[in-house]
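For the sequence shown, position 98 matches number 98 in our numbering, and the numbering has no gaps at all.
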Amino acid sequence: MTPIVWLTRLLVGAYPHWQGCAPSSRQRVYFANHTSHLDTIVIWASLPPQLRKHVRPVAAKDYWEKGLLRRRIALEELHCVLVDRRRTEHSNPLDPLRDALLAGDSLIIFPEGTRRPQAIPSAFKSGIWRLMREFPHVEFIPVYIENLHRAMPKGVLLPVPTVCSVRFGAPLEHSVDDLKEDFLNRARDAVIELSKA
1 MTPIVWLTRL LVGAYPHWQG CAPSSRQRVY FANHTSHLDT IVIWASLPPQ LRKHVRPVAA
61 KDYWEKGLLR RRIALEELHC VLVDRRRTEH SNPLDPLRDA LLAGDSLIIF PEGTRRPQAI
121 PSAFKSGIWR LMREFPHVEF IPVYIENLHR AMPKGVLLPV PTVCSVRFGA PLEHSVDDLK
181 EDFLNRARDA VIELSKA
């Protein structure tokens, strides 16, 4: 067990519950509610060790590149795909995600786009739908992180010890013909359904 996994388990538990699927080396996009900066680490730490090497969290470049410790965790421990959230004429925030999927990696994403201090996720942004249409062979797995918004709410520097669980649901059925709003609503509903377990 790596130091970051040990520390995560000590502080917040990060206990995995595979309710709708089993751990698998199949290429996947794990998509989850987003309530804390710890979300990224908690999902990654809850995966079996043999999967962590090929599952890359997607994280905001402007946050995780600040300071040597954050940068080291993001790049050397988690192997994050760092995304510049500012779309410009010459760049698209989805390009690094596409590159990772083309390389055969799996991803952890937060379709809300930003943290929300609430138990239920807000509306999903369209990036996950675009990835689904471009990579229809990839499994899309809903994930619900319970209780983490209490452990490290916005503005808090150090987590408050608590117990959180990570629930993995069944692969979301999808087709390249899915309409954007229909797919986004179904994806969000799948995460909300896991919150009721």
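Backbone N, C-alpha and C define an ideal beta-carbon position, used for all residues, glycine too. If you're wondering where the values come from, they're calculated on a predicted model, not measured in any experiment.
C-alpha distance - residue i paired with residue j, whole-angstrom precision
{"i": "D177", "j": "K196", "result": "29 Å"}
{"i": "N33", "j": "I108", "result": "11 Å"}
{"i": "P71", "j": "C80", "result": "It is Arg, not Pro, that sits at residue 71 in the sequence shown. Using only the alpha carbons, I get a separation of about 10 Å."}
{"i": "W64", "j": "F110", "result": "15 Å"}
{"i": "A119", "j": "S165", "result": "13 Å"}
{"i": "R115", "j": "I43", "result": "15 Å"}
{"i": "F183", "j": "L69", "result": "37 Å"}
{"i": "L194", "j": "S91", "result": "35 Å"}
{"i": "A215", "j": "D62", "result": "The structure shown does not extend to residue 215, since the chain is modelled only from 1 through 197, so no value can be given for it."}
{"i": "E139", "j": "L172", "result": "7 Å"}
Cβ-based burial, residue i [other Cβ within 10 Å; buried from 16]
{"i": "P48", "result": "exposed"}
{"i": "R26", "result": "exposed"}
{"i": "S175", "result": "exposed"}
{"i": "P57", "result": "buried"}
{"i": "D39", "result": "buried"}
{"i": "G67", "result": "exposed"}
{"i": "A59", "result": "buried"}
{"i": "P142", "result": "buried"}
{"i": "A123", "result": "exposed"}
Residue span of the beta strand (DSSP E) that contains residue i, given as start and end
{"i": "C31", "result": "Residue 31 is actually Phe in this sequence, not Cys. Residues 28 to 32."}
{"i": "L82", "result": "81 to 83"}
Three-state secondary structure assigned by DSSP to residue i
{"i": "L97", "result": "helix"}
{"i": "I145", "result": "strand"}
{"i": "I109", "result": "strand"}
{"i": "E139", "result": "strand"}
{"i": "V55", "result": "strand"}
{"i": "V166", "result": "strand"}
Which listed residue (the options) has its alpha carbon closest to that of residue i
{"i": "R133", "options": "L179, F110, D39, R188", "result": "L179"}
{"i": "I4", "options": "E146, E65, A74", "result": "A74"}
{"i": "A22", "options": "L38, E181, A170", "result": "A170"}
{"i": "G113", "options": "R52, K53, S46, R188", "result": "R188"}
{"i": "V55", "options": "D105, F168, F135", "result": "D105"}
{"i": "K53", "options": "E76, N92, S36", "result": "E76"}
{"i": "P121", "options": "L82, R186, P93", "result": "R186"}
{"i": "V29", "options": "G20, E181, V163, L97", "result": "L97"}
{"i": "T2", "options": "F140, L78, E139", "result": "L78"}
Residue range of the alpha helix (DSSP H) that includes residue i
{"i": "A45", "result": "39 to 46"}
{"i": "V191", "result": "180 to 195"}
{"i": "L68", "result": "68 to 72"}
{"i": "L51", "result": "49 to 52"}
{"i": "R133", "result": "127 to 134"}
{"i": "D177", "result": "Note, D177: premise wrong, no alpha helix (DSSP H); not H, not E."}
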